[in-house]
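Scroll down for the structure; my scribbles are underneath it.
Chains as they are written, first to last, in my numbering: chain A, 29 to 283; chain B, 2 to 271.
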């Protein structure tokens with residue numbers, strides 16, 4: 029409770045300073061709109077459905093693409109951890125492609141898939157998958173060998189050992205890889221949406237870019253605020269519970 | 002009080018090792034970890050293997066566990082050759098090797114869930130029985146990091162005992178604990194061994210510990226790993242690690258050990 033009060037006061041303070049800067053008229057109101065104007069834009073955009081629609085389009089791309097990135101990345105990571113040959117081939121490829129900024133996939137995706145949802149899914153999957161593969165592989169390689177030996181003496185073999193011991197033991201690595209994959213996917217999706225009009229759906233990135241074309245700073249800042257909130261909520265809802273669980277069980281929590 | 006069938010003591014196993022050899026690596030860099038080692042361990046006997054690092058005693062334990070294979074010789078449990086790990090022979094390591102993602106109860110249940118023919122309720126009863134045996138019933142919902150080193154090894158002991166093995170293999174399980182905790186565990190282990198009638202093979206390089214726990218102390222020397230001598234410990238139980246009689250045994254054993262290991266290779270604590 030106390031921490032959320034701190035956060036509320038902090039953000040209220042930021043808005044207040046913003047309002048004061050606006051009223052001091054240091055910059056043109058075209059470049060720095062007032063918090064009230066941005067609020068009005070957000071209210072109107074909520075009312076006429078553009079904001080909700082664009083958010084749904086963007087989140088749908090992100091969630092579906094991310095899901096496939098995970099579903100593909102996890103087993104590939106397990107396989108590269110298990111087989112030396114795959115580690116030296118696919119593992120190396122994944123390491124290389126992970127260093128590639130994921131927005132670099134956008135031109136390729138557009139040429140391959142055109143201005144379609146397919147291109148967007150492809151970009152999100154490419155943002156997710158390499159981080160997940162590498163984190164899974166690293167996580168598995170860092171499992172103390174004694175866990176496997178203890179499990180074997182208790183009669184665990186094959187799939188049971190992998191699902192019941194290796195995977196949970198590697199979880200701290202896997203969760204941080206998932207988080208990184210999410211961040212990469214989110215950034216590259218935004219870049220893609222700003223970069224080019226996707227004919228099959230009007231996402232938040234487009235809304236942001238249209239704000240620029242219309243010289244509507246209230247829209248630009250309003251959409252940026254929405255993006256920021258989505259990022260925060262995703263972190264709190266998707267990853268915080270996992271991290272709390274890991275901290276509690278592994279005893280790594282500081283507070 | 003009568004115990005349910007699952008909790009009744011399994012018949013202890015007789016172990017029989019004949020000319021067991023194990024080589025690591027090949028050629029000039031190869032190490033002969035075990036050189037034609039023969040050892041008989043009787044039913045419900047407590048045997049301690051003592052020797053400096055590199056004498057192959059842990060390798061021998063792994064071979065009995067079925068985690069490693071010997072290059073030659075015969076390893077029999079009740080006349081049957083050991084080829085793979087099995088529930089009849091449970092192992093404890095120097096590290097507790099407990100799973101941090103599970104609580105204490107689930108750690109003990111891990112092996113039980115893999116044992117066929119046990120219902121949910123039965124498994125829970127068995128796990129609780131062994132947690133009570135090691136004195137940690139109150140901590141069944143704790144996570145591993147919340148326990149002290151000694152408590153962790155107690156949980157590891159409960160986990161090893163839970164599937165009702167016939168042999169308990171212990172690889173320096175108390176080496177990382179402080180002296181006071183260790184002394185408590187010596188008492189507990191002797192009590193549990195008497196109650197549960199297991200065949201125990203216990204590896205250590207602490208001579209006094211071996212004399213305190215073992216019916217027999219088997220001395221190893223390294224390069225290549227060989228059995229040099231055996232000592233029968235004729236002292237009543239429960240034994241106190243600080244008793245004078247025990248000190249007499251450990252002095253004799255230590256002297257013998259130093260004779261075999263000599264010089265730089267000696268890495269033995271009395």
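Beta carbons: idealized from backbone N, C-alpha and C, even for Gly.
What you are looking at is a predicted structure, and each value in this text was computed from that prediction instead of being measured.
Under the 10 Å beta carbon count, residue 51 (chain A) is surrounded by fewer than 16 other beta carbons and is classified as exposed. Ranked by how close their Cα comes to the Cα of residue 45 (chain B), the residues B:168, B:221, B:206 and B:173 have B:168 in first place.
Counting only residues of its own chain and dropping the five nearest sequence neighbours on each side, residue 240 (chain A) has a CB closer than 7 Å to the CB of 248. Comparing alpha-carbon positions, the option among B:33, B:103 and B:14 lying closest to residue 279 (chain A) turns out to be B:103. Residues of the stretch 53-83 of chain B that bring their beta carbon within less than 9 Å of a beta carbon in chain A comprise 63, 66, 67 and 68, in sequence order.
The shortest C-alpha to C-alpha distance from residue 36 (chain B) to any of B:173, B:224 and B:30 is the one to B:224. Within the stretch 113-191 of chain A, the complete alpha helix (DSSP H) segments of 4 residues or longer fall at 120-127, 133-141, 145-169, 173-181 and 186-189, listed in chain order. C-alpha of residue 68 (chain B) to C-alpha of residue 177 (chain A): approximately 7 Å in a straight line. By the C-beta density criterion, residue 20 (chain B) is exposed, having fewer than 16 other C-beta atoms within 10 angstroms. Between residue 47 (chain B) and residue 178 (chain B), the CB-CB gap reaches or exceeds 8 Å. Think of a sphere of 8 Å around the beta carbon of residue 147 (chain B): the chain A residues whose beta carbon falls inside it are 279, in chain order. Taken through DSSP and simplified to helix, strand or coil, residue 99 (chain B) comes out as coil. In the DSSP assignment, residue 212 (chain A) falls within the alpha helix (DSSP H) that extends over 199-223.
Between residue 168 (chain A) and residue 198 (chain A) a beta carbon distance of about 5 Å is seen, short of the 8 Å cut, so the two are scored as contacting. Interface criterion not met: the Cβ of residue 269 (chain A) is under 8 Å from no Cβ in chain B.
Sequence-distant partners of residue 85 (chain A) (beyond 5 residues in either direction) whose C-beta falls short of 7 Å from its own C-beta, in its chain, are 229, 230 and 231. For the pair of segments examined, the stretch 103-115 of chain B was found to touch the stretch 132-150 of chain B: the number of CB pairs separated by less than 8 Å reaches three.
The beta-bridge partner set that DSSP reports for residue 91 (chain B) consists of B:169. When the Cα atoms are used, residue 235 (chain B) and residue 70 (chain B) turn out to be separated by approximately 34 Å.
Three or more Cβ pairs closer than 8 Å define a contact, and the stretch 259-273 of chain A falls short of that threshold against the stretch 68-77 of chain A. DSSP places residue 54 (chain A) in the coil class of the three-state scheme, outside both helix and strand. Close partners of residue 180 (chain A) in chain B (Cβ separation under 7 Å): 68 and 86. Straight-line spacing of the CA atoms in residue 123 (chain B) and residue 74 (chain B) works out to 40 Å. The criterion of a C-beta distance shorter than 8 Å is not satisfied by residue 118 (chain A) and residue 164 (chain A). Taking the Cα of residue 194 (chain A) as reference, the smallest distance to any Cα among A:58, A:106 and A:54 is reached at A:106. Cβ contact annotation for residue 66 (chain A) (same chain, cutoff 8 Å, sequence separation greater than five): 246, 249, 250 and 253, in chain order. Listed by position along chain A, the residues whose Cβ is nearer than 8 Å to that of residue 6 (chain B) form an empty set, because the closest Cβ is around 19 Å away. For residue 212 (chain B), the enclosing alpha helix (DSSP H) has its first and last residue at 208-214. Within 7 Å of the CB of residue 175 (chain A), the CB atoms of chain B belong to 98 and 100, in sequence order along the chain. For residue 63 (chain B), the CB contacts under 6 Å within the same chain, skipping 5 residues up- and downstream, are 69 in chain order.
Counting the other CB atoms within 10 Å of its CB gives residue 26 (chain B) a total below 16, which places it among the exposed residues. For residue 74 (chain A), no Cβ of chain B is located within less than 8 Å of the residue's own Cβ. When secondary structure is reduced to three states using DSSP, residue 248 (chain A) falls in the helix class. Within the same chain, and ignoring the five residues on either side of residue 145 (chain B) in sequence, the residues whose Cβ sits closer than 6 Å to its Cβ are 99 and 101.
Taking residue 41 (chain B) as reference, the option from B:228, B:183, B:157 and B:251 with the minimal CA-CA separation is B:228.
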